[in-house]
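Here is the structure we will look at.
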Amino acid sequence: MKGFFTDTTLCIGCKACEVACKQWNQLPEDGLHLTGMSYDNTGHLGSSTWRHVSFVERPVPLGGTLSNFSWLMMSDVCKHCARAGCLEACPTGAIVRTEFGSVYIQPEICNGCGYCVSACPFGVVDRREDDGRAWKCTLCYDRLKADMKPACAKSCPTESIQFGDLVQLKVKARQRVEELHARGMTEAYLYGEEQEGTGGLNAFFLLADKPEKYNLPPKPEVPTKRAPKSWLSMGAAIAGLAALMLTAAVTP
Amino acid sequence: MPGLGISFGRGGATTFVQDLQHSDVIVIQGSNMAECHPVAFQWVMEAKARGAKIVHVDPRFTRTSAMADLHVPIRAGSDIVFLGGIIHYILENDKAFKEYVIPYTNAANIIDPRFRDTEELDGFFSGWRADKGEYDEESWRYQGVEEVPAAGHKEVVPKEGGGGPRGKDVKKAPRDETLQHPRCVYQLLRKHYARYTPEKVEEICGVPPKTFLQVCEWLTQNSGRERTGAFCYAVGWTQHTVGVQYIRSAAIIQMLLGNMGRPGGGIMALRGHASIQGSTDIPTLYNLLPGYIPMAHAKQHSLKDYLDVNTAGGGFWSNFPAYFVSLMKAYFGDAVSKDNQWGYPWLPSVTGDHSHMTTVSDMTQGKIKGYFVMGENPVVGSTNGGMQRDGLAKLEWLVVRDLAMIETAEFWRERPECETEVFFFPAAAHTEKDGSFTNTNRLLQWHHKAVEPPGDCKSELDFVYELGKRLKAAYASSTDPKDKPIQALAWNYREIKPGEVDADAVLEEINGKNLVTGKPLSKYGELKDDGTTAAGCWIYVGCRADGVNQPARRKPQREQDWVAREWGWSWPDNRRMLYNRASADPDGKPWSERKRYVYWNGEKWTGFDTADFIPDRPPSYRPGPDDTGVKAISGIDPFIMQVDGKAWLYAPSGLLDGPMPTHYEPEEGVVPNAMYRQECNPRRLEYHLRRNRYHRAFDDPRYPYVLTTYRLTEHHTAGGMSRWLSWLSELMPEMFCEVSHELAAEVGLKNGGWATVTTARAQIECRVLVTGRMRPLRIQGRTVHQIGLPYHWGSTGLVRGDSTNDLIAFVADPNVQIQESKAFTGNIRPGRREQRYRIEPELAELAEPRDLPGLRPYATQPMQHNPEKE
């Protein structure tokens, strides 16, 4: 099982990951407009942006530093959820779980139905305007097959994006949190290393503020998570109705 | 880089970026390292992970600040007060590492009794010649000895020859190693910086004493045998009218703290492009030949004059004739010999200032006919874009070589009157040609051609080689003596195929060879002054030792120690850290186990790196009283390029604007100079031209805000390599300014909206980012707003916008003629500009007094450039 550990406290916001991703995967540009949102002119992940660096300006210090201001940067990516909403929703079998544990959309099978788009709790999957198909990070499946790191991890100059075996990455990540706590950055924590609603994320993060600050859902959940419960309640409702009808029938 | 050259002997970063991981404190000032050098910045992050404190001193809170333990907001243009304040703190709290300072620096040297400080003369040093607008350096010298050449030999202003090598008697200069003599350098420094107190730092820089003292404490706590600290700077320090003195200030701190030549220490001069270090080593500068050999001056009539002026009495510049003669043999081969002065009379002579700004102002006066622009986009990237365009429009012909149709090639489209004939040659990219880069580590790295250049694209090498061949053909039958150098030039490089030169053949020439045996040289010590050796750049000798392309070595770091001496090759002699003799104490032992690097093992100098010293000279060696040259280097002289072997806390020569850094306000500021009555650097270079009007020195009601310019990670300088690429352009698609919430409220600017920024030179429009990363400062009791302006945009390319550099005036540091683009004044208002191009100045405005005569004394500038009056 392979994945990403993105340590946002090491991110310098250089966006090398965004560019390396676009270059390797030959993705088109998506607009030449200044957003006015700090140094983020990409906005969000999408069909042609598979890595996205968000910038959060805060007039408060980061734990352990003496500056009275902080600027959080985080390189976001498809989480390759252990339990993936997109995969579960895909009616054609275009979305598969690979031998690396990643979630991969096979473009030649995708028919563009878009069910995966609404099934992703992170808003990662997106359809392209021109061909209608759904696109997202492939965890550089082609590079992994050739025994190479994903392009984003390879280009990251500060090792904010670490790629590797998930078990090892999680050990490293927990150590890093302890280290940061010891240095006074007590707000540091792991996001998605374990997560009930998604079964855990194969791309997890070390954050220094609430998930919402980074535009991440605080409690993501795949839609099918609630399916048994809803079937159950539907069953109960049917049973109730039946009972009601029965009662009505037997009542004179 | 005379800031470092004068202080330590060589104009290059004193260490390598990988060494920063061993620092215990890193101060980044005058640089936005994370944004502009993100790859090198990984070593700062590594140091941080190991527990080092990271300080970022900058007007803006940037991506570098975001990674720092402490961001110190500072007023642009006030750094010498901040750094001088640190010097004051070190000296007054007795925090200098004296075991290092006394033997390795000139702290103990006694200065001429005629010397007067700026404290006594209110902003001037002794020797100011008001009639000439320059200093006479005579009173700055060491007591009792003749002139001591700086950086071993360097003269900023070439001098007439005669008298033989200079500085031979420097070892006889009196020293007081108790540092008590009132005129010893140590005491002069104390006197000079006596008023650079934390209170002054607050008053001038806007930095509260608590923050300032935190930086002082971190620096001094991490000094001594066990601990070291490093400084990183870039053009945020150099681009000022006192830029060289900014760097000198940091050099003084690093000398006092004993941080030079030691692991985790040093001053990292971060160079902005892949081969900017290379472009000064094998220079594109008008006053230097390869290897920092000065260009001949018209006053030096014979080879003897030239060699006498440039040969030092002590240190390795004493071998100057060997370096020079070998260069001439590389240029001209068999055509030169002792009989024709090794071709010295063929070299062009410098007659004055021919720097970029002077050349362009001459161009605007129609004095220049033709211009080659290669790998540069001056219309966007250079100061005062309007002047740049004016100059280009007055040429007869212009040649531009670039990857894309940059603004410099397209400027004429906006100028119907322009008659310049413009030739555009498409250039090959670095992936399309062989060659080397010399990076900020002084490290040469070879790159191989990966793909063929498309269409007509050619490398610079092939272009210049072909140009040379055609020039030689054109002048082949000339009998005019002036054409002799072209006829005599050795111009026969190996070609891989017709029209494609083997770049390795050029490296062979640079490395040089023994002309008797034909074998490649392996170190510069082998160079001779008798014509039996040739070398194209003496400091690069050894880059092709044993006939092997050393820069092409790529042994991974994990297969060797952390210094990685087998990756590429660095000058000189593959030394990764300069002055590393100083990593050992005077006895040759490491200062501590923790900071072990190069040391004496009883027989020779050894350690992680090639020793930057004479390999077998013991620490106990002392020269005799009459020894000169390399013999005069004592066993405790780590700075082997300096004539006295010492690092210079005080520069007795070599700098045009003073022996010690002194605070002057920028040419255009918002407050009066709170240290001296002299407002600006009296020696700065001004250009009085119609297109280059200056604001008042301070308090100009038309231009109340401080402007500062910079680059972003997402773009490449003037945009030639980024504004044509969608993947980079979309990340920073529009020109913008950065302002504080307070300024936005004051002026009525809206985030994401338009603003117009104005100076006397131009007005530009841009989008607005209102951010808490910009903060107003309290300076001398008033609120000072600073406006940040990236400068990447121009009128062509995928993303377009106004060019920030149009706003900036030509005004320069005297030592290196660099522009002042990091601190000047301007105004801002909401909305778009009304005119498409520059505003035309009203003539009445031209008469505006620049320095408010009568209000403050002002050193006049008779040397100033005024071609309109010529």
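Protein sequences, first through last, are from chains F and R. Residues in the first sequence are numbered from 112 upward in steps of one, following the numbering used here. Residues in the second sequence are numbered from 3 upward in steps of one, following the numbering used here. From the three backbone atoms N, C-alpha and C, an ideal C-beta is built for every residue, glycine too.
Contacts that residue 732 of chain R makes with chain F (C-beta to C-beta distance below 8 Å): On the second sequence, position 730 is the one that residue 732 of chain R refers to. The contacting residues are 140, 141, 142, 143, 152, 153.
Residues near residue 474 of chain R in its chain [Cβ-Cβ closer than 8 Å; skip 5 each side]: Position 472 of the second sequence, counted from the first residue, corresponds to residue 474 of chain R. Contacts found: 488, 489, 491, 493.
Chain F within 9 Å of residue 721 of chain R, Cβ atoms only: Translated into the one-based positions of the second sequence, residue 721 of chain R becomes position 719. No, its Cβ sits nowhere closer than 9 Å to a Cβ of chain F.
Sequence ranges, beta strand (DSSP E) only - wholly within the region 175 to 245 of chain F, length at least 3: 181 to 188, 206 to 208, 214 to 216
Buried versus exposed, by CB contacts within 10 Å (16 or more), residue 458 of chain R: On the second sequence, position 456 is the one that residue 458 of chain R refers to. It is exposed - the Cβ of residue 458 of chain R has fewer than 16 other Cβ atoms within 10 Å.
Residues near residue 324 of chain R in its chain [Cβ-Cβ closer than 7 Å; skip 5 each side]: For this step, residue 324 of chain R is matched to residue 322 along the second sequence. Result list for residue 324 of chain R: 529, 530, 531, in chain order.
Proximity to residue 145 of chain F [Cα-Cα], best of R:787, R:824, R:510, R:739: Against the first sequence, residue 145 of chain F aligns to sequence position 34. For the residues R:787, R:824, R:510, R:739, the minimum Cα distance to residue 145 of chain F belongs to R:739.
Simplified DSSP assignment, three categories, for residue 772 of chain R: Within the second sequence, numbered from 1, the residue matching residue 772 of chain R stands at position 770. Residue state, collapsed to three classes: strand.
Sufficient close CB pairs (3 or more, under 8 Å) joining the region 158 to 173 of chain F to the region 190 to 201 of chain R: no
Residue 536 of chain R (DSSP reduced to helix, strand or coil): Sequence index remark: in the second sequence, residue 536 of chain R carries index 534 (1-based). If DSSP states are grouped into helix, strand and coil, residue 536 of chain R belongs with the strands.
Partners in chain R for residue 134 of chain F, counting only beta-carbon separations shorter than 7 Å: For this step, residue 134 of chain F is matched to residue 23 along the first sequence. Neighbours of residue 134 of chain F on chain R, chain order: 729.
From R:800, R:783, R:778, residue whose alpha carbon lies closest to that of residue 63 of chain R: Position 61 of the second sequence holds residue 63 of chain R. Answer by Cα proximity: R:778.
Boundaries (first-last residue) of the beta strand (DSSP E) holding residue 423 of chain R: If you number the second sequence from 1, residue 423 of chain R lands on position 421. That run of the beta strand (DSSP E) goes 423 to 428.
Cα-Cα separation, residue 360 of chain R to residue 277 of chain R: The count along the second sequence starts at 1 and reaches residue 360 of chain R at position 358. The count along the second sequence starts at 1 and reaches residue 277 of chain R at position 275. In a straight line, the C-alpha of residue 360 of chain R is about 24 Å away from that of residue 277 of chain R.
Buried or exposed (CB count within 10 angstroms, at least 16 for buried), residue 864 of chain R: As a position in the second sequence, residue 864 of chain R is number 862, starting the count at 1. Because residue 864 of chain R carries a pLDDT of 36, less than 50, the predicted location of this residue cannot be relied on, and the following value inherits that uncertainty. Its Cβ having fewer than 16 others within 10 Å, residue 864 of chain R is exposed.
Neighbourhood of residue 272 of chain F by C-beta, 7 Å cutoff - its chain only, sequence neighbours within 5 removed: Taking the first residue of the first sequence as position 1, residue 272 of chain F is located at position 161. Here the set comprises 115, 117, 128, 186, 263, 264.
contact_flag[the region 394 to 407 of chain R, the region 421 to 440 of chain R] where n(CB pairs < 8 Å) is 3 or more: yes
Chain-ordered chain F contacts of residue 760 of chain R [CB-CB under 9 Å]: For the purposes of this step, residue 760 of chain R is taken as the residue at position 758 of the second sequence. What residue 760 of chain R touches in chain F: nothing, since even the nearest Cβ is about 21 Å away.
Euclidean distance between Cα positions of residue 368 of chain R and residue 417 of chain R: Reading the second sequence from its first residue, position 366 is the one you call residue 368 of chain R. Reading the second sequence from its first residue, position 415 is the one you call residue 417 of chain R. So the two alpha carbons sit approximately 16 Å from each other.
Residues bridged to residue 302 of chain F [DSSP beta-bridge criterion]: Counting from 1 along the first sequence, the entry for residue 302 of chain F is found at position 191. F:316, per the DSSP bridge assignment.
Beta carbon of residue 208 of chain R nearer than 9 Å to that of residue 822 of chain R: For the purposes of this step, residue 208 of chain R is taken as residue 206 along the second sequence, with counting starting at 1. For the purposes of this step, residue 822 of chain R is taken as residue 820 along the second sequence, with counting starting at 1. No. Outside cutoff.
Cβ-Cβ distance between residue 799 of chain R and residue 725 of chain R below 9 Å: Numbered from 1 along the second sequence, position 797 holds the residue referred to as residue 799 of chain R. Numbered from 1 along the second sequence, position 723 holds the residue referred to as residue 725 of chain R. Going by C-beta atoms, residue 799 of chain R is nearer than 9 Å to residue 725 of chain R.
Spatial distance of residue 131 of chain F from residue 404 of chain R (CA atoms): Walking along the first sequence from the start, residue 131 of chain F turns up at place 20. Walking along the second sequence from the start, residue 404 of chain R turns up at place 402. The straight-line gap from Cα to Cα measures roughly 24 Å.
Residue environment, residue 450 of chain R, which counts as buried when at least 16 other CB atoms sit within 10 Å: Position 448 of the second sequence, counted from the start, is the residue given in the question as residue 450 of chain R. When all chains shown are included, residue 450 of chain R counts as exposed.
Burial state of residue 349 of chain F (16 or more Cβ within 10 Å): In the first sequence, residue 349 of chain F corresponds to position 238, counting from 1. Burial call: exposed.
Helix, strand or coil at residue 225 of chain R [DSSP, three-state]: As a working mapping, residue 225 of chain R is identified with position 223 in the second sequence. Residue state, collapsed to three classes: coil.
Terminal residues of the alpha helix (DSSP H) in which residue 462 of chain R lies: Taking the first residue of the second sequence as 1, we reach residue 462 of chain R at position 460. Taken as a continuous stretch (DSSP letters only), the alpha helix (DSSP H) holding residue 462 of chain R covers 462 to 477.
Interface flag, residue 270 of chain F vs chain R, CB-CB below 9 Å: Counting from one through the first sequence, the residue named residue 270 of chain F turns up at place 159. True, the Cβ-Cβ gap to chain R drops below 9 Å.
CB contact below 9 Å: residue 165 of chain F versus chain A: Protein chains in the displayed structure are F and R, and chain A is not among them.
Contacting positions in the region 21 to 32 of chain R - beta carbon closer than 8 Å to chain F: none
Cβ distance (whole Å) where residue 10 of chain R is taken to contact residue 262 of chain R below 8 Å: Translated into the one-based positions of the second sequence, residue 10 of chain R becomes position 8. Translated into the one-based positions of the second sequence, residue 262 of chain R becomes position 260. Indeed, because the Cβ distance is near 7 Å, the residues count as touching under 8 Å.
CB contact check: residue 44 of chain R to chain F, cutoff 9 Å: Stepping through the second sequence from its first residue, residue 44 of chain R is reached at position 42. Interface residue, yes.
Residues that residue 452 of chain R bridges to, as DSSP identifies them: Stepping through the second sequence from its first residue, residue 452 of chain R is reached at position 450. Residue 452 of chain R pairs with nothing; no bridge assigned.
Beta-carbon spacing of residue 763 of chain R, residue 809 of chain R below 9 Å: For the purposes of this step, residue 763 of chain R is taken as the residue at position 761 of the second sequence. For the purposes of this step, residue 809 of chain R is taken as the residue at position 807 of the second sequence. Their beta carbons are under 9 Å apart, which means residue 763 of chain R touches residue 809 of chain R by this criterion.
7 Å CB neighbourhood of residue 648 of chain R in its chain, flanking five on each side removed: As a first step, residue 648 of chain R must be located in the second sequence, where it is residue number 646. 106, 107, 108, 639, 641.
Beta-carbon separation (whole angstroms), residue 382 of chain R vs residue 807 of chain R, contact threshold 8 Å: Working through the second sequence from its first residue, we reach residue 382 of chain R at position 380. Working through the second sequence from its first residue, we reach residue 807 of chain R at position 805. Confirmed, Cβ separation roughly 7 Å.
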